[in-house]
Every structure is written in structure tokens, then in C-alpha cells.
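S.K.: The structure under discussion is supplied below as C-alpha cells; questions concerning it will follow.
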Amino acid sequence: MKSFTKLCSRSLSTAALWKTHSSVRFYQIDLGKVASTFAIPSLTSFQNKALEVVSSSENDKDVLIQAPLYSGKTLSYLIPTFEVVTKAIREERWKERPGFRALIIVPSREAALAVGRQVDQYINSLPESERPNISVEKPSLEVYNRNASIKQGHEIIEEYNDYEAYEHSQTRRENVYGLSYAITCGGKSLEKEITLLDASEPEIIIATPGRLLEHLKNSDYFRNVKIVIVDDCSMFKGSMASMMDQIFTPENISPNAKRIFINDTEGVFSKFLRNSENVEVLTSEETITKHNVKQSIIKTQNTAEQLKVLYGILSENKHKKVAVFGDSAKIIHAHYLMAENNLFSSLISSRISPTRAMTAFSYFNELENGIAFCSNIACPMNPNVDLVIHLDAPATQQVYEARVSRAYGKSNSQSIVLISSSTQNVPEYLSSVSSSPAPSGSNSEFVIKPLRVAKVHQENGYYLLLNLVTKYAESEIDKKAAVENAITTLKELGFSEDLPKISRHTAIKVGFEKEFLEAGLLMP
446 MKSFTKLCSR SLSTAALWKT HSSVRFYQID LGKVASTFAI PSLTSFQNKA
496 LEVVSSSEND KDVLIQAPLY SGKTLSYLIP TFEVVTKAIR EERWKERPGF
546 RALIIVPSRE AALAVGRQVD QYINSLPESE RPNISVEKPS LEVYNRNASI
596 KQGHEIIEEY NDYEAYEHSQ TRRENVYGLS YAITCGGKSL EKEITLLDAS
646 EPEIIIATPG RLLEHLKNSD YFRNVKIVIV DDCSMFKGSM ASMMDQIFTP
696 ENISPNAKRI FINDTEGVFS KFLRNSENVE VLTSEETITK HNVKQSIIKT
746 QNTAEQLKVL YGILSENKHK KVAVFGDSAK IIHAHYLMAE NNLFSSLISS
796 RISPTRAMTA FSYFNELENG IAFCSNIACP MNPNVDLVIH LDAPATQQVY
846 EARVSRAYGK SNSQSIVLIS SSTQNVPEYL SSVSSSPAPS GSNSEFVIKP
896 LRVAKVHQEN GYYLLLNLVT KYAESEIDKK AAVENAITTL KELGFSEDLP
946 KISRHTAIKV GFEKEFLEAG LLMP
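Following this line, the structure appears as C-alpha cells:
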């Protein structure tokens, strides 16, 4: 990596990029620095074109980008965003509180953190004079809030989710000359998040639709946004699609704001274009070089055996870089169970605070070897993993391929799917992958027991129970049998007399009130 960075000197990289145009263009950002920061030899043709179109003062086009996995899709909109924001900062340096300048809307918290990591990477590469560096002393709610009061009923968004919203760029705009950003995607008090946003007033907002709507109800700060990006448009369906209709109104998003829509395969977002006759459509077929990944399936009789096999594989591959993917609740529990057996790892999940997740994410990306337990939040990690392990097969082929792609950058890499026959059958999309039973005499050193931290044990057990009941119910067995099977699996995971309890409200919401009551799993 270091030798590569040396090759990407400013003069060489910038010259290579500018040669792709018929005339030399001057950009506010250093393209050579961008290339070296993200470890790419130069911008791809469609990244260059996106930057040219968005930054041009000669036209006012919106942009539609179609790009496959790991083709440089994220950078195709981040680089123009950095250019637009940097130019605005320099031109409006002395304007008082102009509000946010760029808005990136993503479909999930996982995606928000992944994009945030790349923005963070770019900001850290800037000279100190261009970074935010003044700490907050007295944040005020009154300037931020349209009516100088919080809308009632939005204080807590996900009661059970230990998710810290927004922990970056706590700076105030006055006399600050620098690029900053914020991730806003719910999980804690809206009031706390508003306080931080008002105090720091970041240049770039990365948001999920639900939390963004809450802010739009309270604030005029988004009226000055100069560029709006929607990533993975095809993921915005159902309730999220209706939220986007509410977001893209003249009252919320300025008609002057440029728009970039990524992978709008069904053309749903065309109605949000400012002028459908004046649009730049960019397509990329470029992807990274894919080394062949050896794929296999190991079938186990139950979850307990599945975890023992996992422990054995991890113990044998400590010298490699290993990513273990799965549902958040199961991944978190497996991470702590391995630690109870003196096998330590990083944890990257949407159920932990963004700061902790991003720190673990960045740390694991830089490692030559090590283990990380990951929910799908980590799918955008660097493709230099030696071994990808799936703790249960993912629901869709798209998710499976996104995980496996993390091993594309390494030769002799592997992907192993651990399937517990008691909870899952081999999905159709894996029918061509060779499978084998668990090796005889699976590791006897591994001990499954209650987690040492009682709070983690109980809180994660709550999510495990809900996930298991839902999964069993999908396999067309009756609700009572689904709850009984979930209890059996929980016991295999170390829950004995301390089975988690579900609130009546949640039980009614998921449609299992009677079954949870009969099983003694309802909270008093």
C-alpha cells in the first residue's frame, strides 16, 4: 500500500486524469490526493465524467449512474460531492450559518456507516487547515428548530437498539474553515441528535429516510443543500418509497439542488429529476480483478455443532484474515462466545455504536490477519479477506455475492457457508456449491455457556428469540412449533433457565402473543 501511494504523486496522477479531457479543467479538490487516499491509480472514465458534469457551471444536469458492485460506484458520487462542497466552503467562507451543503440518502444504517467511513478517510487526508478543529461549547437548539421546539413523539426511535446516532464533527461553523460530516440514522434521542447537528452544522449529511424526515419537520437547514445523492435506489421500496415522496418536495429540497441517483434500475426516481430532458446517464462495466474464490458448504446437525465447527475453523486460520458474516444477533452472540473460549475478534455490527463500529471497521481493514464478526454493515470493507464464513446462508444471492466479493482481492481465498440443518435448508442459489457434513469429532475444547456480561446475554437473547421465531415461521411450520424450535436453538446457544422475555406489545406486533404466553416468554 505504501509503495503504491508513493507512485500516486500529485503531479503524475493529476496529469493522467486531466488527459482524459479535451481541455484542462481546474478542480477545487486535488485529484492526485483523492487517488492516493483511496488507493486507486486514477479515476475511472465514468467517475471522471460524473465529476465533470456535476462541477460544470456551463450546464445544470442531474446524473443517473448505473454501476455494478465494486466498480467505484460510491466514489463516483463522493468525489463530485467533495468538489461541490469544497467550492462552496471557499466561496461562502464568511457567510453566516449557510446550513448543510450536501445530502446523501442511503437505504440502511449499514450503508450510512460504510459511506461515512469513506468520507472520513478523505477528510483525514486533508491538510489540517481544511479540517474542522474548533470544539463545541454551548450548542443551541433554537437556531436549528423551525419552531424553536422539538416535535413531540420523536424522542426515542428504537427503544432496544444500542445505537449511537451521530458522533462526528462536533464543531461550530463560526470561524471554522473545513470539511465535516454527520451520520444521522436514528436509534437514540432525536433531541440529542438535533443538539449535535446544530452545534456542529456539518457540510455533508449522510441519512436514512426515516430520520431525515424527522429533521426536515424541524429544520430549514436543508434548504441550502447544493447536491442531493440517493444511493442504491432499487432498495427504496414500500414505506421507504413513500418517505422519498415526502422528502423530495420543494419545501424540503431546493429546486436548485443537483441530484445524483445511483442504480435506479426501475426508473422510479425519474420523477424527482429537475428536468428529464437534461440528464446525464453514466454506465460503468468496470469491476476489480476477481481472483477465483473456492466456495463450499458445511452442514451441521444443529446450532451447537455449527458453533463448534466455526471455532475449529477460526482456530486453524488465526494466521489469515477472516470475516464471519451473519444476522446481527447471532453474530454478536457468536463473537462473545468465542471470547469466552479465548478466541478474540473484532465486532462490526449495526447494533453497536457507530463510533465503535467504524473504529473496528477501519482497524480490521488495515490488518494483515485477524478475525471480524460482521453483519452486512461490513460488506463494503476492502476486498482483501482470505476467508469469508457465512454463519447460515444469507437470504438472497445478492447479499451472498456482496460478502464473497470481500475475498476477490486475494488469491487462494475461500468462502465457507455453515448451515445448521435444524434451522435452514441449502438455498437454491447455492445448489451448485459442493457441500459436506461437519467433520467428525468437532472441537471438544469449545464450551457453550451463558455470557459473562449478563446485560449483553439478555439483550442479545431478546433479538435472537425474535429472529429465530420469524425464521422458523417462514419455513411453513405452525406458530407453536416455531416458538418451541426457537427455544431449543436458544438452549444450544447457552440459554438454559434464563430464557429471554418478550414484551406484550412486541409479541402482538409480530403475531405471537398466544404462543409466547403459553411458553412463558411474555414479560410480566
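The numbering used here numbers the first residue of the sequence shown as 446 and each following residue consecutively. In this text, a Cβ means the ideal position worked out from N, Cα and C, and glycines have one as well.
Can you grab the Cα-Cα spacing for the pair Gln-566 / Leu-476, in whole Å?
M.R.: Counted from its first residue, the sequence shown places residue 566 at position 121. Counted from its first residue, the sequence shown places residue 476 at position 31. Answer to the nearest angstrom: the Cα atoms are 15 Å apart.
S.K.: For Val-564, collect the residues of the same chain with a Cβ closer than 8 Å to its Cβ; drop the 5 residues on either side in sequence, then sort them by chain order.
M.R.: As a working mapping, residue 564 is identified with position 119 in the sequence shown. Answer for Val-564: Leu-523, Tyr-626, Ile-649, Ile-651, listed in chain order.
S.K.: Taking a contact to mean a Cβ-Cβ separation below 8 Å, would you say Val-769 touches Val-849 in this structure?
M.R.: In the sequence shown, counting from the first residue as 1, residue 769 sits at position 324. In the sequence shown, counting from the first residue as 1, residue 849 sits at position 404. Taking 8 Å as the Cβ cut-off, Val-769 and Val-849 do not qualify as a contacting pair.
S.K.: Starting from Gln-746 and walking both ways along the beta strand (DSSP E), at which residues does that stretch end?
M.R.: Residue mapping note: residue 746 aligns to position 301 of the sequence shown, counting from 1. No beta strand (DSSP E) holds Gln-746; DSSP gives it neither H nor E.
S.K.: Leaving aside the five residues before and after Leu-514 along the sequence, list all residues of the same chain whose C-beta is less than 8 Å from its C-beta, in chain order.
M.R.: In the sequence shown, residue 514 corresponds to position 69, counting from 1. Thr-732, Glu-846, Ala-847, Ser-850.
S.K.: What's the call for Phe-789, buried or exposed, on a 16-neighbour Cβ count within 10 Å?
M.R.: Along the sequence shown, read from residue 1 onward, the residue named residue 789 stands at position 344. Phe-789 comes out exposed.
S.K.: Three or more C-beta pairs closer than 8 Å, one from the segment 741-761 and one from the segment 863-876: is that the case here?
M.R.: These segments touch.
S.K.: Using only the alpha-carbon positions, how far apart do Asn-504 and Leu-910 sit?
M.R.: By 1-based counting over the sequence shown, the position of residue 504 is 59. By 1-based counting over the sequence shown, the position of residue 910 is 465. Their Cα atoms are separated by approximately 55 Å.
S.K.: Is it true that the CB of Ala-559 sits closer than 8 Å to the CB of Thr-653?
M.R.: For the purposes of this step, residue 653 is taken as the residue at position 208 of the sequence shown. For the purposes of this step, residue 559 is taken as the residue at position 114 of the sequence shown. Not closer than 8 Å, so no.
S.K.: When the Cβ atoms of the segment 771-786 are set against those of the segment 884-903, are three or more pairs found closer than 8 Å?
M.R.: Short answer: they touch.
S.K.: Among all the DSSP beta bridges, which residues are the ones paired with Thr-728?
M.R.: The residue labelled residue 728 in the question sits at position 283 within the sequence shown. According to DSSP, Thr-728 bridges with Gln-511.
S.K.: At what residues does the alpha helix (DSSP H) containing Lys-925 begin and finish?
M.R.: The sequence position of residue 925 within the sequence shown is 480, counting from 1. Unbroken alpha helix (DSSP H) run through Lys-925: 924-937.
S.K.: Give the straight-line distance between the Cα atoms of Ser-570 and Arg-535, rounded to the nearest whole angstrom.
M.R.: Position 125 of the sequence shown holds residue 570. Position 90 of the sequence shown holds residue 535. For Ser-570 and Arg-535, the distance between alpha carbons rounds to 18 Å.
S.K.: Leaving out five residues on either side along the sequence, give the residues of the same chain with a beta carbon under 8 Å from the beta carbon of Ile-922.
M.R.: Residue 922 sits at position 477 when you count from the first residue of the sequence shown. Once the five neighbours on either side are set aside, the close Cβ partners of Ile-922 are Asn-930.
S.K.: Taking the alpha-carbon positions, what's the Glu-600 to Ser-880 distance?
M.R.: Taking the first residue of the sequence shown as position 1, residue 600 is located at position 155. Taking the first residue of the sequence shown as position 1, residue 880 is located at position 435. Caution applies to Glu-600, whose pLDDT of 26 falls short of 50 and renders its modelled position unreliable; the value that the coordinates give is listed next. Their backbone Cα atoms lie some 49 Å apart in a straight line.
S.K.: With DSSP collapsed to three states, give me the class of Pro-872.
M.R.: Looking up residue 872 in the sequence shown gives position 427. In this structure, Pro-872 counts as coil in the three-state DSSP scheme.
S.K.: Taking the beta strand (DSSP E) that His-835 belongs to, which residues open and close that run?
M.R.: As a working mapping, residue 835 is identified with position 390 in the sequence shown. Unbroken beta strand (DSSP E) run through His-835: 832-836.
S.K.: Out of Phe-667, Lys-494, Ile-793, which has the shortest C-alpha to C-alpha gap to Glu-696?
M.R.: Position 251 of the sequence shown, counted from the first residue, corresponds to residue 696. That would be Phe-667, whose Cα lies nearest to the Cα of Glu-696.
S.K.: What residue from Ala-840, Val-844, Cys-630 has the CA that sits closest to Val-872's CA?
M.R.: By one-based count along the sequence shown, residue 872 stands at place 427. First, the amino acid is wrong: residue 872 is Pro here, not Val. Closest option to Pro-872, Cα to Cα, is Ala-840.
S.K.: Taking 7 Å as the limit between beta carbons, can you name the residues of its chain near Lys-946, skipping five residues before and five after?
M.R.: What you label residue 946 is simply residue 501 of the sequence shown in a count that begins at 1. Excluding sequence neighbours, Lys-946 sits near Leu-966, Leu-967, Met-968.
S.K.: Does the pairing of the segment 913-920 with the segment 800-819 give three or more beta-carbon distances under 8 Å?
M.R.: Short answer: they don't touch.
S.K.: Three-state secondary structure (DSSP) at Val-862?
M.R.: Translated into positions along the sequence shown, residue 862 becomes position 417. Strand, per DSSP.
S.K.: Quick check: Ser-521 and Ala-495, are their CB atoms within less than 8 Å of each other?
M.R.: Residue numbering aside, residue 521 sits at position 76 when the sequence shown is read from its first letter. Residue numbering aside, residue 495 sits at position 50 when the sequence shown is read from its first letter. Yes, the Cβ-Cβ distance between Ser-521 and Ala-495 is below 8 Å.
S.K.: Can you tell me the Cβ-Cβ gap for Met-680 and Leu-658, rounded? I've got them flagged as a contact below 8 Å.
M.R.: Along the sequence shown, read from residue 1 onward, the residue named residue 680 stands at position 235. Along the sequence shown, read from residue 1 onward, the residue named residue 658 stands at position 213. Not confirmed; about 17 Å, so no contact.
S.K.: Take the Cβ of His-660 as the centre, count every other Cβ of all protein chains shown within 10 Å, and call the residue buried at 16 or more, exposed below.
M.R.: Reading the sequence shown from its first residue, position 215 is the one you call residue 660. Buried, by the Cβ-count rule.
S.K.: Would you kindly work out how many angstroms separate the C-alpha atoms of Tyr-908 and Ala-964, rounded to a whole number?
M.R.: Your numbering for residue 908 matches position 463 in the sequence shown. Your numbering for residue 964 matches position 519 in the sequence shown. The alpha-carbon atoms of Tyr-908 and Ala-964 are separated by roughly 17 Å.
S.K.: Short of 7 Å in beta carbon distance, which residues of its chain neighbour Glu-711, apart from the five on each side in sequence? Order them along the chain.
M.R.: Here residue 711 refers to the residue found at position 266 of the sequence shown. Same-chain partners within the cutoff: Ser-679.
S.K.: Does Phe-806 come out as helix, strand or coil in the three-state DSSP assignment?
M.R.: As a position in the sequence shown, residue 806 is number 361, starting the count at 1. In this structure, Phe-806 counts as helix in the three-state DSSP scheme.
S.K.: In the DSSP assignment, find the unbroken beta strand (DSSP E) run with Phe-706 in it and report its ends.
M.R.: Mapped onto the sequence shown, residue 706 falls at position 261. Phe-706 -> beta strand (DSSP E) spans 703-707.
S.K.: Drop a sphere of 10 angstroms on the beta-carbon of Glu-811, count the other beta-carbons inside from all chains shown, and report buried for 16 or more, exposed for fewer.
M.R.: The sequence position of residue 811 within the sequence shown is 366, counting from 1. That one is exposed.
S.K.: Identify which residue in Gln-842, Ser-481, Ser-634, Phe-818 has its Cα closest to the Cα of Val-878.
M.R.: Looking up residue 878 in the sequence shown gives position 433. It is Gln-842 whose Cα lies nearest to the Cα of Val-878.
S.K.: With respect to the beta strand (DSSP E) encompassing Gly-815, which residues constitute its N-terminal and C-terminal limits?
M.R.: Along the sequence shown, read from residue 1 onward, the residue named residue 815 stands at position 370. From DSSP, the beta strand (DSSP E) with Gly-815 extends over 815-819.
S.K.: Report back the beta-carbon spacing between Ala-547 and Ile-672 to the nearest angstrom; my notes put them in contact at under 8 Å.
M.R.: Numbered from 1 along the sequence shown, position 102 holds the residue referred to as residue 547. Numbered from 1 along the sequence shown, position 227 holds the residue referred to as residue 672. Right, the Cβ-Cβ distance comes to about 5 Å (below 8 Å), so this counts as a contact.
S.K.: According to DSSP, Thr-629 sits in a beta bridge with which residue or residues?
M.R.: Here residue 629 refers to the residue found at position 184 when the sequence shown is read from its first residue. Answer by DSSP bridge pairing, in chain order: Ala-652.
S.K.: What is the residue span of the alpha helix (DSSP H) that Pro-700 lies within?
M.R.: The residue labelled residue 700 in the question sits at position 255 within the sequence shown. Counting along the chain, Pro-700 falls outside any alpha helix (DSSP H), and DSSP gives it neither H nor E.
S.K.: Going by Cα to Cα distance, which pick from Asn-829, Ser-820, Val-830 is closest to Leu-836?
M.R.: Here residue 836 corresponds to residue number 391 of the sequence shown, with the count starting at 1. It is Ser-820.
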